[in-house]
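J.: One line per chain: the protein sequences are U, V and E, in this order. Note that the working numbering has the first sequence beginning at 1, numbered continuously upward. Note that the working numbering has the second sequence beginning at 405, numbered continuously upward. Note that the working numbering has the third sequence beginning at 730, numbered continuously upward.
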Amino acid sequence: MRLRRRMFLAVAATAVAVGAAACGGSAQGGSAGSAAASGHGKDLVYLSMSYIGNDWQPEARNVIEALTHVPPISNEINFKITVAGTSVDTQIAQINQAVEAGAKGILVYPISPTALNATIEKACQAGVKVVTYDSVVTAPCAYGVQIHQHYAGMITAKWLAEALHGHGNIVLITGVPGTSVDLYRTAAAKAEFAKFPGIHIVASEPGQWAQAPAKTDMASIFTSHPPSTINGIWAQVGCYAITQLYLQKHLPLVPCAGEQTQGHLLYMLPTSQGGAGLQSVSYSATNITGAVALRVLVGLLHGQKFPHKVYAQFRLITNHPEPGVPAIPLKICNQGTPQELASGCNVFASNLNVPSGFFDGVWSPEVGLGLHAAETGSPSTQEVKSAAQALKTPVTSWQPNLGP
Amino acid sequence: MTAADLVTTVRNVRAGHRTLLQILPIYVAVIILLMAGEAIRGGFVSLGNVGSLLLLATFTAVVSFGQGLVILVGGFDLSVAWTMTMAGVFLTSQAQGLNARGAWVVPLVLAAGAAIGLVNGLGVAIFDIAPIVMTLATNVVVQGLVMTSISGTPSGKAPPFLVALTNRSWGWLPWLVVFLACFTVLATLFLRATPVGRRLHVIGYNRTVAQLSGIPVRRTLILAYVLSGVCAAIAGMLAAGYTTTSALTTGDSYLLPSIAAVVIGGASILGGRGHYPATVGGAIFLTVLSAILAAVNLSDAVRTMITGVVILLAVLVIGQRERSH
Amino acid sequence: MVSLALARMRAVPRAATARFLAQPVTASALLLIVACVIYFAAQPRALSAYGIDNLLDEYTALALAAVGECFVIITGGFDMSVGAVMAFINVIMAVYMGHNATGFALLALGIGAACGAINGLLVTALRIPSLIATIAMMFVWEGAALFILPQPGGSVDQGFVVTVTGSVGQIPTAAFILVAAGLLGGWVLKTRAGGWLLAVGASETAAHTQGLPVRRLKILAYLLAGLFYGAAGMFFTAESGSGDPTIGQSFLMEAFAAVAVGGTIFGGGRGSAVASILGAFITGVINNLLQVLGVSSFTTPAFYGAVLFLAVAARSSRLHGYLRDAAHRLRPGSAGAGPPRSVGRKGTVLIPGGGKR
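#1: Who pairs with Glu259/U in a beta bridge, going by DSSP?
#2: Tell me where the alpha helix (DSSP H) around Tyr46/U begins and ends.
#3: Find out if the Cβ-Cβ distance for the pair Ile626/V, Val434/V is shorter than 8 angstroms.
#4: Exposed or buried, what is Ala1088/E when buried is set at 16 or more other beta-carbons lying within 10 Å of its beta-carbon?
#5: At which residue ranges does the region 568-640 of chain V contain complete alpha helix (DSSP H) runs of 4 or more residues, listed in the order of the chain?
#6: I'd like the span of the alpha helix (DSSP H) that includes Val99/U, first residue to last.
#7: What does the Cβ neighbour count give for Trp159/U, buried or exposed, with the cut at 16 atoms within 10 Å?
#8: Which parts of the region 458-523 of chain V are runs of the beta strand (DSSP E), unbroken and 3 residues or longer, counting only runs that do not cross its ends?
#9: Return helix, strand or coil for Leu369/U, following the three-state DSSP convention.
#10: What are the residues in the region 636-663 of chain V lying within 9 angstroms of chain U by C-beta distance?
#11: Following the continuous beta strand (DSSP E) through His200/U, name the residue where it begins and the one where it ends.
#12: Report yes if the C-beta distance between Gly263/U and Thr271/U is below 8 angstroms; otherwise report no.
#13: Note down, in chain order, all residues in the region 210-230 of chain U with a beta-carbon under 8 angstroms from any beta-carbon belonging to chain V.
#14: Tell me whether Pro270/U sits in a helix, a strand or coil according to DSSP, three-state version.
#15: Taking only beta-carbon atoms, is Pro881/E less than 8 angstroms away from chain U?
#16: Along the alpha helix (DSSP H) that carries Trp925/E, what are the first and last residues, could you check?
#17: Who are the neighbours of Pro1030/E on chain V, taking C-beta pairs under 8 angstroms?
#18: Note the first and the last residue of the continuous alpha helix (DSSP H) segment covering Lys190/U.
#19: At the 8 angstroms Cβ level, is Val754/E part of the contact set with chain U, yes or no?
#20: According to DSSP, simplified to helix, strand and coil, what is Ala36/U?
#21: Taking CB distances under 8 angstroms as the criterion, tell me whether Thr691/V reaches chain E.
#22: So for Leu278/U, helix, strand or coil by DSSP?
#23: Residue range of the alpha helix (DSSP H) that Lys158/U falls in?
#24: Mind the definition here: the region 953-967 of chain E touches the region 714-723 of chain V only if three or more C-beta pairs lie below 8 angstroms; say whether that holds.
#25: I'd like to know if the region 837-849 of chain E and the region 996-1014 of chain E are in contact, where contact means that at least 3 CB-CB pairs between them fall below 8 angstroms.
#26: Using the Cα positions of Met815/E and Ile948/E, report the straight-line distance between them to the nearest angstrom.
#27: Which residues in the same chain as Val582/V place their Cβ atom closer than 6 angstroms to its Cβ, once the five residues preceding and following it in sequence are excluded?
#28: Answer yes or no: the CB of Pro429/V versus the heavy atoms of the ligand NAD, is any distance below 7 angstroms?
#29: Using 8 angstroms as the threshold, is the region 1024-1037 of chain E in touch with the region 82-94 of chain U, meaning 3 or more CB pairs across them?
#30: Excluding the 5 residues preceding and the 5 following Asn117/U in the sequence, name in chain order all residues of the same chain whose CB lies nearer than 8 angstroms to its CB.
#31: Just reading off the alpha helix (DSSP H) that Trp56/U is part of, what are its end residues?
#32: Beta-carbon separation of Pro227/U and Leu164/U under 8 angstroms?
#33: Roughly how many whole angstroms lie between the Cα atoms of Thr649/V and Leu253/U?
#34: On the three-state DSSP scale, how would you describe Val754/E?
#35: Mind checking Arg1060/E: buried by the 16 CB within 10 Å criterion, or exposed?
#36: Taking CB distances under 8 angstroms as the criterion, tell me whether Asp973/E reaches chain U.
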């Protein structure tokens, strides 16, 4: 009797839990299998994300989501989002699910460049278009939109070396070990630094592309390399938190090169404008790779042809120009509208209360959205208009000048 | 507290000299590591550096107290990971960088940590669910709740008083290290000198004997988990204060170190034995180790392997082995 | 309504049925069937050959890992190195395999067993607690994997991929692998040595007193575990077609969850390899189901945790004690049920030094 009750309990409990899930499913829910996936209805498009615990992923998702509300894309696709966390198995399962549900296209932020290949190949064979953004996969049938990682690593290293006049000790704060993005950027940076014999890399720590680990790494590095011996920092992500550490310890700031976040760019402003006068170069326009990938996907569904590797526009911002490093100056955005961003502003005014870890590269000519879209995931009326305009311009792949 | 309790407390405090012998080994190991660091890079052992290292060790040390309590009664708390993250995320998003708001947010966060611990304790004590499974489930549930409530993006800032506590210092001595010292004294007194603390030891050593001697086992077990949740919440708020903003990966990086610190410090993983000052030593040991590895220019791969080997050696030399039968 | 059904059920001979339903396998099988029914109802396309094939490919590696972990948990220990060993084997195969598929498949099993043996020696000969020993080894194998393959890549022999992830006739190879694993794991536990493993888990002191070779048995448990991790790593390599040094972390917690849902008791003494396989698929199907139902991916972990809790709590004998006593008191005309009895696992025998590990 007791054991029968055990069975009953276990089964009932699961049924209840699952029933609750069914009722409590999000607004996007309902039976995915019933979506009209071909012909006259909207095309079903899935976004398969992972999250690595920083602001980047949800921001990129917001920009993508906002773009799905802009005509003509809003009339053409039925958009669904899944998040796999850090589990490869889960992402494989979610991609399979998307194909089973009848998706015509899948946007992917791949957790692994290689482990999803078999699943992606199966999807391609089923006629589904797969486009990755920022991180790439090696599956030949997939398309990928990314910034040129090698160039990013190379040009920022070049800036730093020149800012230090070719001499000095530098610290590297890298990304997540074992990922190709981290490796390409770091390898390119090291190769560039090797061209300057007076530059010495005295320490290197993984910053996990997040501010907090970057700060604790730096504090740890200080214990074996006193701040006075460090002349410059190359941090894939982390110039904000590291500068904060310097300021809290009342140390003189050193040049820092890295991927921009709002806090980082604010520090770059002169002290008269509320900044810290940090000498820096930072690269932007990485947040929109997902939205550009969506445009590529929609184009593929229309039968357009694209190269399998599309490089998104890449902008460097600096307050300390160096030769051979093409960059634009810092310019404050007072509202964050697409028009303002199109005119070349790149750091948001502090009264807009943008979080310090927010990635400011929310606009590009092919996407045409602004701050509101990146923060909320839905475009303001103004943003809809400018994005609709942007959708009329073609998507092109940006070729960097890789130098000699 | 009755007169008898007071006598017990005094007697316990006096028995401290035996305890010292059990705490000493880990600190000897720390000193050896510091000397190695000095040999690798001259100037490593300076007041300023020691202050920095102690500061960095504080976060682990605080979580390890709660984890140590749970290990003392024979369990594990895997939910400290997302409890810490929850604390940081909740703190920054509600406090929005204001002390006035922080005044009511901090107690709320502590209560949330306690609630998570309470759920764990109930599962383990009442339903007899294995601690590793119960806390694993809770960890994942907290993750889901936190992620849903913030839609995946942490925001806001820690209140300035926490930022000051974790970042300011008197010369070479960070305020947070003073906090750690006070915390260590209070925690040790709790464990060693109060009747509740003694009960935790007895339960861990032999639960049946504890039950038969009339100790309210279930209530004390639950208390251990509640305290673990509270400690994780404190550590999470401190970590958010240190970096001013919160992050989603905070807790995950402190889970394994919290367990390692307790075991390296000499606590028995079977329960019943353990000294918090030794756990703090374990946390310091791990922090110094990672700082030394940072000083040597080795690849991430080799550093990870060395960490594993050093942990093994530390446990072999200092830690408690499984009781032989 | 319920009491009527229960009254009818009372007529059936209790002991045999009860024993049957008490098996972790039966309970897990029932759970899995329910989960599958709901899943296929929500997503009919999952019931196709394509869908089933996907499901098997997605969770076989986890199932194999869970079987391995199960052996360690049965003896009362914990193995935190499961994911790291899998990643280590994955990168070795991806980097060195070339076209020598069979050789490396066997090598995978061998490396897994060797890793397991090392864990076993640390725990028995050096008497390091299993949790910390395996955490330390996890770092070692993670680092080794990163060392061999610093970034994802490598290449896996296509023939190997097709063989392992393909089908024999209409039946996916994964199904055969799972059946073999279940048979092997189940058989081991039914042998005399297997029974001894369970005894060691139930009470190490008692086992020792009875003259069982406790140390050798524990090493055997870890070695078997490693063997299955090798199989899991091998399957994952075929499924992903490449090497990735960081894939281990997600398998760790999922393996524990699979074992728990399958009904193996943590603390030792009772468990089933087959049930662990079923547990892995239960968690997998529920994950897929939540996505199909459109549950926000942020909330999915909360449901996953809730299911894990319910699956384990429902098996809690203390809970049944409470419920049974409550039912006794509610039954009309019953005499006082007496004081509530808590049914502990280890009974009331005084065992010095007995504590949860």
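Glycine is no exception: its CB is placed at the ideal position from the N, C-alpha and C atoms.
T.: Well, looking at it:
#1: The residue labelled residue 259/U in the question sits at position 259 within the first sequence. Answer is Tyr283/U, bridged to Glu259/U.
#2: Start at 1 with the first residue of the first sequence, and residue 46/U comes out as number 46. Unbroken run through Tyr46/U is the beta strand (DSSP E), Asp43 to Met49; no alpha helix (DSSP H).
#3: As a position in the second sequence, residue 626/V is number 222, starting the count at 1. As a position in the second sequence, residue 434/V is number 30, starting the count at 1. For Ile626/V and Val434/V, no; Cβs fall outside 8 angstroms.
#4: Since the first and last residues shown for chain E are 730 and 1086, residue 1088/E lies out of range.
#5: Within the region 568-640 of chain V, the runs of alpha helix (DSSP H) that reach at least 4 residues and sit entirely inside it are, in chain order, 579-597, 599-609 and 611-616.
#6: By one-based count along the first sequence, residue 99/U stands at place 99. Here the alpha helix (DSSP H) through Val99/U covers Val88 to Glu100.
#7: Indexing the first sequence from 1 puts residue 159/U at position 159. Buried.
#8: none
#9: What you label residue 369/U is simply residue 369 of the first sequence in a count that begins at 1. Correct three-state label for Leu369/U: coil.
#10: Of all residues in the region 636-663 of chain V, the ones placed with a Cβ closer than 9 angstroms to any Cβ belonging to chain U are Ala643, Ala644, Tyr646, Thr647, Thr648, Thr649, Ser650, Ala651, Leu652, Thr653, Thr654, Asp656 and Ser657, in chain order.
#11: As a first step, residue 200/U is located in the first sequence; it is residue number 200 there, counting from the start. Segment Ile199 to Pro206, the beta strand (DSSP E) holding His200/U.
#12: On the first sequence, position 263 is the one that residue 263/U refers to. On the first sequence, position 271 is the one that residue 271/U refers to. No; because the gap between Cβ atoms is not below 8 angstroms, this pair is not in contact.
#13: Of all residues in the region 210-230 of chain U, Ala210, Gln211, Ala212, Pro213, Lys215, Thr216, Asp217, Ala219, Ser220, Ile221, Phe222, Thr223, Ser224, His225 and Pro226 have a Cβ within less than 8 angstroms of some Cβ in chain V.
#14: Residue mapping note: residue 270/U aligns to position 270 of the first sequence, counting from 1. DSSP places Pro270/U in coil when its eight states are reduced to three.
#15: Your numbering for residue 881/E matches position 152 in the third sequence. Yes, Pro881/E counts as interfacial toward chain U.
#16: As a working mapping, residue 925/E is identified with position 196 in the third sequence. Arg921 to Ala931 is the span of the alpha helix (DSSP H), which, as asked, contains Trp925/E.
#17: Here the question's residue 1030/E lines up with position 301 in the third sequence. Correct list: Val544, Val545, Gln547, Gly548 and Met551.
#18: As a first step, residue 190/U is located in the first sequence; it is residue number 190 there, counting from the start. Ser180 to Ala194 is the extent of the alpha helix (DSSP H) around Lys190/U.
#19: Counting from 1 along the third sequence, the entry for residue 754/E is found at position 25. For Val754/E, the answer is no, since every Cβ of chain U falls outside 8 angstroms of its Cβ.
#20: Residue numbering aside, residue 36/U sits at position 36 when the first sequence is read from its first letter. Low confidence applies to Ala36/U: its pLDDT is 37, below 50, so where it sits in the model is not reliable, and the reading given next is rough at best. Of the three classes helix, strand and coil, the one that applies to Ala36/U here is coil, per DSSP.
#21: Translated into the one-based positions of the second sequence, residue 691/V becomes position 287. By this cut-off, Thr691/V is not an interface position.
#22: What you label residue 278/U is simply residue 278 of the first sequence in a count that begins at 1. Coil, per DSSP.
#23: The residue given as residue 158/U occupies position 158 in the first sequence. Element bounds for Lys158/U: Gln149 to Ala163.
#24: no
#25: no
#26: Your numbering for residue 815/E matches position 86 in the third sequence. Your numbering for residue 948/E matches position 219 in the third sequence. Distance between the alpha carbons of Met815/E and Ile948/E is about 19 angstroms.
#27: As a first step, residue 582/V must be located in the second sequence, where it is residue number 178. Result list for Val582/V: empty, nothing under 6 angstroms.
#28: Inclusion of the ligand NAD in the displayed structure is not the case, the ligand content being empty and no account of it being possible.
#29: yes
#30: Along the first sequence, one-based indexing puts residue 117/U at 117. Val137, Thr138 and Ala139.
#31: Within the first sequence, numbered from 1, the residue matching residue 56/U stands at position 56. Segment Trp56 to Leu67, the alpha helix (DSSP H) holding Trp56/U.
#32: Locating residue 227/U in the first sequence gives position 227, where the first residue counts as 1. Locating residue 164/U in the first sequence gives position 164, where the first residue counts as 1. No, these two residues do not count as a Cβ contact at 8 angstroms.
#33: Here the question's residue 649/V lines up with position 245 in the second sequence. Here the question's residue 253/U lines up with position 253 in the first sequence. Roughly 21 angstroms between the two C-alpha positions.
#34: Here residue 754/E refers to the residue found at position 25 when the third sequence is read from its first residue. Val754/E: helix per DSSP, three-state reduction.
#35: Against the third sequence, residue 1060/E aligns to sequence position 331. Exposed, because fewer than 16 other Cβ atoms sit within 10 Å of the Cβ of Arg1060/E.
#36: Residue mapping note: residue 973/E aligns to position 244 of the third sequence, counting from 1. Cβ-Cβ to chain U under 8 angstroms: yes for Asp973/E.
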